[in-house]
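Colleague:
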Amino acid sequence: MSSRTPSFFDEMRSPDGSIRPAYRQLAHWLDTVPKDVLDYRRKEAEFIFRRIGITFAVYGDTAATERLIPFDIIPRILNRGEWQKLSRGLEQRVKALNAYLHDAYNKREILRAGIVPEELIFGNPVFRPEMNGQRVPHDIYVMIAGIDVVRVDPDNFYVLEDNARVPSGVSYMLENREIMLRLFPELFIDHPVAPVDNYADDLLATLKSVAPTSSSSDPTVVIMTPGIFNSAYYEHSFLADKLGCELVEGRDMFVKGDMLYMRTTEGPKRIDVIYRRVDDDFIDPLAFRPDSMLGVPGLMSVYQAGNVTLANAVGTGIADDKAVYSYMPDIIKFYLGEEPILKNVETYRCREPDQLKYVLDNIDKLVVKEVHGSGGYGMLIGPAADKKTIEAFAAKVKAMPDGFIAQPTLALSTCPTFVEEGIAPRHVDLRPFVLTGRDKVRIVPGGLTRVALSKGSLVVNSSQGGGTKDTWVLDR
Amino acid sequence: MLSRTASNLYWLSRYVERAECLARILDATYRLSALPQGYGSETNEWDSAIATAGCVISFKEKYEEANERTVTEYLAFSLDNPSSIRNCLEIARTNARSVRTALTGEMWDAINSAWHELHRYDPKRITREEFTRFLNFVMETSVRFDGTSFRTMLRNDAYWFSRLGFLVERADATARILDVKYHVLLPREAQVGGPLDYFQWASILRSVSARTSYHWVYRESVKPWLVADLLILNRQMPRSLASCYENINRYLDDLAQFYGRQGQAQRLARATTNKLENGKIEDIFQSGLHEFITQFLIDNNRVGNAIGDQYLI
């Protein structure tokens, strides 16, 4: 990639070299602050992160089970206008995801209208027949969504991926802000940065709003984690702490008389809402994978009896895989009768023979992704891969075309980043978090910016060596 | 509070306390082994360290002989020994991670920093001097953890479970230290209180860091029955069985009041406390110190199990 240097959209600097308004003060500060000060503060940030134990685990890496995600101390800035447009688009998108899920598990009008093919629902391995005709409280399926967006020009946001199952990363959004406030208080005097620390309150309000109608006026909310060996465990405990609710594992809960209880030092206590950070497959060994040690036997029957709310609902996977992604603009139009505010990246569905042919012919120019992959695992970046890798990947695609989609390599926007060579532009994406409750949709301004730290790289996933930045939405 | 959270808090402080006890035992053993021949007893100090740690059988499976190298390795660093200092601190941190939300930031920091520090010591290359530093580090970790709990935790069930774990472990360790020394040193009447034992008894005081306390309390040279009195019955002495039980009782009562009901744990703890409050050291020696301690270890274990059954599962 680095050999050809196309004109990427840089969020700070216009092509003519001038500084965009939102970055004016920051650019000045970057010009004047000595490099060793930046260096020192970066080390300080790393020290603090390690100390509070904000770590994540990398699967398939036995040597280092706990690692830090590199943190870049230069914030990424969005102005109010950009954010307003983005947040309207996010709300629209998540509303459509919820409407689609409700329809897919109930009347299936979208199939009758011929908007999406049947296999997209029924042929999907994460489709849950248990959810057919099952009402969920207030018809909300996705209470917590993480929508990955990227920019390629000043005017448009593209959605790269919807995450409607158990999106993670919000703890980094919150901790990054804490660190920035601690390390660079002077910057916040010049910049009216919209706060994010109301996220925990918003999340709790959202979760309480979707409690079963049968529960008390002050429902008991818990967070369910697979345990300390999960890569996002830090986040689970962080959220439980911020929400002031119990962090439970499957073994802490049991089912009795169609109700769900947790074991406490004072005896059993009823649970009304579970913010579960455990995949469908593992939540109930009686309903799904019988070998799961992480779940609660009988949880699904309590859920189906309407006595507990799961956030997110069971079966949301059919709305966020990369195959349904390509239909999202039509899905939005179908349910909301609106034009999509956020664009979709052009997507080739390998399931369709002519598109498969195009993909195989142009595979060296495309990004090819597994439909059910996530976290940057199992994808091919054509322009950056060698011939052998490409051939091997092409063979995989040919063997199972349904399992793949392809997209053109996007010229992701860049932001100034503090790296070995000094301050240099690096590619970024953004994951804002969208909360949907009975009363309203809540989005804290910003989200998690991920940055590809090596020069020219477009892969921002933390499991693949990406870092994070604080994201500022200016309130002006 | 979740039973698992309570359990993790309880075991977290037990393991931190256990690590400290082991460090003290090792420290005292090093001192003793450094004495010229003739000052110590005929028995091997390193054997008695293993006995005090309560792992004779598993140790013998792995090593032929107890000496400085093997005992240090097994008690401090071995991954095969579930209660080695290293494993204690590893387990403590795992427990701490599981209950992050129930710990204060300061407590987490104490455990997490210790865990990072632990990985700086290379057991294969450690020198004597470094090992002394290592033992100091372990003792400081425990003091820091304990201090942060005391200073920062809310006085509610989380705090009481954490205290209970610490106290049950501490009572167990004090009793074992006494028992092993008694058993090893004083099986024959003629030697009881003999001049050669002086350093052995002094080493007991060292292993519970009570030399100065002893002199303040008794203002006498070191005598076996007074050492036993200090460690069993004296409520001023925070490591004594009586003091541990005074507090176990108190925290169990706090729990009972908080939750509005009591059970087996409270009853058993009260019975054990009564025995200690009414005990006289002359009677204990008369009917057999070893028998007394053996019974205490059984009672203490029962209290631990009752706490487990009542609250932690």
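As they're listed, the protein sequences go chains A and B.
When the letters of the first sequence are read in order and numbered with my numbering, they come out as residues 787 to 1262.
When the letters of the second sequence are read in order and numbered with my numbering, they come out as residues 45 to 357.
Virtual Cβ for every residue (Gly too), placed ideally from N, Cα, C.
Only a predicted model underlies this, so the values are computations on that prediction, with no experimental measurement involved.
Under the three-state reduction of DSSP, which class applies to Lys1182/A: helix, strand or coil?
Modeller: The sequence position of residue 1182/A within the first sequence is 396, counting from 1. Lys1182/A falls in the helix class under three-state DSSP.
Colleague: When you compare the CB of Ala885/A with every CB in chain B, is at least one pair closer than 8 Å?
Modeller: Position 99 of the first sequence holds residue 885/A. With 8 Å as the cut-off, Ala885/A does not count as an interface residue toward chain B.
Colleague: Considering just the uninterrupted stretch of the alpha helix (DSSP H) at Cys65/B, what are its terminal residues?
Modeller: By one-based count along the second sequence, residue 65/B stands at place 21. It spans Ser47 to Ser77 - the alpha helix (DSSP H) in which Cys65/B sits, taken as one unbroken run.
Colleague: If you reduce the DSSP assignment to three classes, tell me which class His160/B lands in.
Modeller: Your numbering for residue 160/B matches position 116 in the second sequence. His160/B falls in the helix class under three-state DSSP.
Colleague: How far does the beta strand (DSSP E) with Glu1266/A in it reach, from first residue to last?
Modeller: Residue coverage of chain A in this structure runs from 787 to 1262, which leaves residue 1266/A outside it and unanswerable.
Colleague: Within 8 Å of any Cβ in chain A, is that where the Cβ of Arg311/B sits?
Modeller: Indexing the second sequence from 1 puts residue 311/B at position 267. No, Arg311/B lies away from the interface with chain A (no Cβ there is under 8 Å from its Cβ).
Colleague: Distance check for Leu1128/A and Gly875/A, CA to CA, integer angstroms please.
Modeller: Here the question's residue 875/A lines up with position 89 in the first sequence. Here the question's residue 1128/A lines up with position 342 in the first sequence. Using only the alpha carbons, I get a separation of about 5 Å.
Colleague: Identify the continuous beta strand (DSSP E) that holds Gln354/B and give its terminal residues.
Modeller: Against the second sequence, residue 354/B aligns to sequence position 310. Element bounds for Gln354/B: n/a, residue is neither H nor E.
Colleague: One question on the structure: do Asp1038/A and Thr1006/A come within less than 8 Å of each other, judged by their Cβ atoms?
Modeller: Here residue 1038/A is taken as the residue at index 252 of the first sequence, counted from 1. Here residue 1006/A is taken as the residue at index 220 of the first sequence, counted from 1. In this structure, Thr1006/A does not lie closer than 8 Å to Asp1038/A by Cβ.
Colleague: Below 8 Å, how does it come out for the region 1117 to 1134 of chain A and the region 892 to 901 of chain A: are there three or more Cβ pairs, yes or no?
Modeller: With the cut-off at 8 Å, the region 1117 to 1134 of chain A and the region 892 to 901 of chain A touch.
Colleague: Mind checking if Thr171/B is an interface residue toward chain C, Cβ cutoff 8 Å exclusive?
Modeller: Included in the structure are the protein chains A and B, with no chain C among them.
Colleague: Within 10 angstroms of the Cβ of Asn962/A, are there 16 or more other Cβ atoms? Answer buried if so, exposed if not.
Modeller: Here residue 962/A refers to the residue found at position 176 of the first sequence. Per the 10 Å Cβ criterion, buried.
Colleague: Quick one: what's got a C-beta closer than 6 Å to Asp1256/A's C-beta in the same chain, skipping five residues either side?
Modeller: Walking along the first sequence from the start, residue 1256/A turns up at place 470. Answer for Asp1256/A: Pro861, Asn962, Arg963 and Met966, listed in chain order.
Colleague: With which residues is Gln1193/A paired in a DSSP beta bridge?
Modeller: Within the first sequence, the letter at position 407 stands for residue 1193/A. Answer is Val1153/A.
Colleague: Which residues of the region 953 to 970 of chain A have a Cβ closer than 9 Å to any Cβ of chain B? Give them in chain order.
Modeller: Result list empty, no residue passes.
Colleague: Given Asn1326/A, which residues of its chain have a CB within under 8 Å of its CB, disregarding the five upstream and five downstream residues?
Modeller: In the structure displayed, chain A extends from 787 to 1262; residue 1326/A sits before or after that span and is not available.
Colleague: Should Ala95/B and Val224/B be called a contact, given that it needs their Cβ atoms to be closer than 8 Å?
Modeller: Here residue 95/B refers to the residue found at position 51 of the second sequence. Here residue 224/B refers to the residue found at position 180 of the second sequence. Going by C-beta atoms, Ala95/B is nearer than 8 Å to Val224/B.
Colleague: Classify Phe178/B as buried or exposed, calling it buried when 16 or more other Cβ atoms lie within 10 Å of its own Cβ.
Modeller: Stepping through the second sequence from its first residue, residue 178/B is reached at position 134. By the 10 Å Cβ count, Phe178/B comes out buried.
Colleague: Does the separation of the CB atoms of Leu1234/A and Val1227/A fall below 8 Å?
Modeller: If you number the first sequence from 1, residue 1234/A lands on position 448. If you number the first sequence from 1, residue 1227/A lands on position 441. Cβ distance not < 8 Å, so Leu1234/A and Val1227/A don't count as in contact.
Colleague: If we ignore side chains and look at the alpha-carbon of each, how far apart do Met1186/A and Ala950/A end up?
Modeller: On the first sequence, residue 1186/A is found 400 positions in, with the first residue counted as 1. On the first sequence, residue 950/A is found 164 positions in, with the first residue counted as 1. Approximately 24 Å, taken between the alpha carbons.
Colleague: Looking only at its own chain, which residues have a Cβ that is under 6 Å from the Cβ of Ser57/B, when we skip the five neighbours before and after it?
Modeller: Here residue 57/B corresponds to residue number 13 of the second sequence, with the count starting at 1. Here the set comprises Ser206, Gly209 and Phe210.
Colleague: Residues in its own chain within less than 6 Å of Thr185/B by CB, not counting five upstream and five downstream?
Modeller: Numbered from its first residue, the second sequence carries residue 185/B at position 141. The answer, listed in chain order, is Ala158.
Colleague: Please classify Thr1175/A as buried or exposed, where buried requires at least 16 other C-beta atoms within 10 Å of its C-beta.
Modeller: The residue given as residue 1175/A occupies position 389 in the first sequence. The residue is exposed, with fewer than 16 neighbouring Cβ atoms inside 10 Å.
Colleague: With respect to the alpha helix (DSSP H) encompassing Pro971/A, which residues constitute its N-terminal and C-terminal limits?
Modeller: Within the first sequence, numbered from 1, the residue matching residue 971/A stands at position 185. Segment Pro971 to Asp976, the alpha helix (DSSP H) holding Pro971/A.
Colleague: In the structure shown, what three-state DSSP assignment does Asn1016/A receive?
Modeller: Stepping through the first sequence from its first residue, residue 1016/A is reached at position 230. Coil at Asn1016/A, not helix or strand.
Colleague: Is Arg937/A helix, strand or coil by DSSP?
Modeller: Along the first sequence, read from residue 1 onward, the residue named residue 937/A stands at position 151. In this structure, Arg937/A counts as strand in the three-state DSSP scheme.
Colleague: Please check the pair Lys817/A and Ser995/A, which I expect to be a contact at CB under 8 Å, by giving their CB distance rounded to whole angstroms.
Modeller: Here the question's residue 817/A lines up with position 31 in the first sequence. Here the question's residue 995/A lines up with position 209 in the first sequence. It is worth fixing the name first, because residue 817/A is Asp in this sequence and not Lys. Contact flag wrong, Cβ pair sits at about 47 Å.
Colleague: Excluding five sequence neighbours on each side, which residues of the same chain lie with their C-beta closer than 6 Å to the C-beta of Asp216/B?
Modeller: Position 172 of the second sequence, counted from the start, is the residue given in the question as residue 216/B. The residues are Asn344.
Colleague: If I measure Cβ to Cβ from Tyr118/B and keep anything under 6 Å in the same chain, skipping five residues before and after, which residues do I get?
Modeller: Translated into the one-based positions of the second sequence, residue 118/B becomes position 74. Within the same chain, Tyr118/B has close Cβ partners Phe103 and Asn125.
Colleague: Among Glu1032/A, Ser1240/A, Ala1091/A and Arg1063/A, which one has its Cα closest to the Cα of Pro953/A?
Modeller: The residue you call residue 953/A lines up with position 167 of the first sequence. The option with the nearest alpha carbon to Pro953/A is Arg1063/A.
Colleague: Using a Cβ cut-off of 8 Å, which residues of the region 131 to 145 of chain B contact any Cβ in chain A, in chain order?
Modeller: Hits within the stretch, in order: Thr138, Arg141, Ser142, Arg144 and Thr145.
Colleague: Report all residues from its chain with a CB closer than 6 Å to the CB of Leu990/A; omit the five preceding and five following residues, and keep chain order.
Modeller: The residue labelled residue 990/A in the question sits at position 204 within the first sequence. Closer than 6 Å at the Cβ level, and outside the excluded window around Leu990/A, lie Leu1029.
Colleague: How many Å lie between Arg346/B and Arg314/B at the Cα?
Modeller: Translated into the one-based positions of the second sequence, residue 346/B becomes position 302. Translated into the one-based positions of the second sequence, residue 314/B becomes position 270. Answer to the nearest angstrom: the Cα atoms are 12 Å apart.
Colleague: Could you name the residues of the same chain whose beta carbon sits closer than 6 Å to that of Glu1021/A, not counting the 5 residues immediately before and after it, in chain order?
Modeller: Your numbering for residue 1021/A matches position 235 in the first sequence. Hits under 6 Å: Ser954 and Ser957.
Colleague: Does the Cβ of Leu123/B have 16 or more other Cβ atoms within 10 Å, making it buried, or fewer, making it exposed?
Modeller: For the purposes of this step, residue 123/B is identified with residue 79 of the second sequence, where counting begins at 1. With fewer than 16 other Cβ atoms within 10 Å, it is exposed.
Colleague: Sorted by chain position, which residues of the same chain lie with C-beta nearer than 6 Å to Ile1069/A's C-beta, five sequence neighbours on each side aside?
Modeller: Sequence index remark: in the first sequence, residue 1069/A carries index 283 (1-based). Once the five neighbours on either side are set aside, the close Cβ partners of Ile1069/A are Gly1081 and Leu1085.
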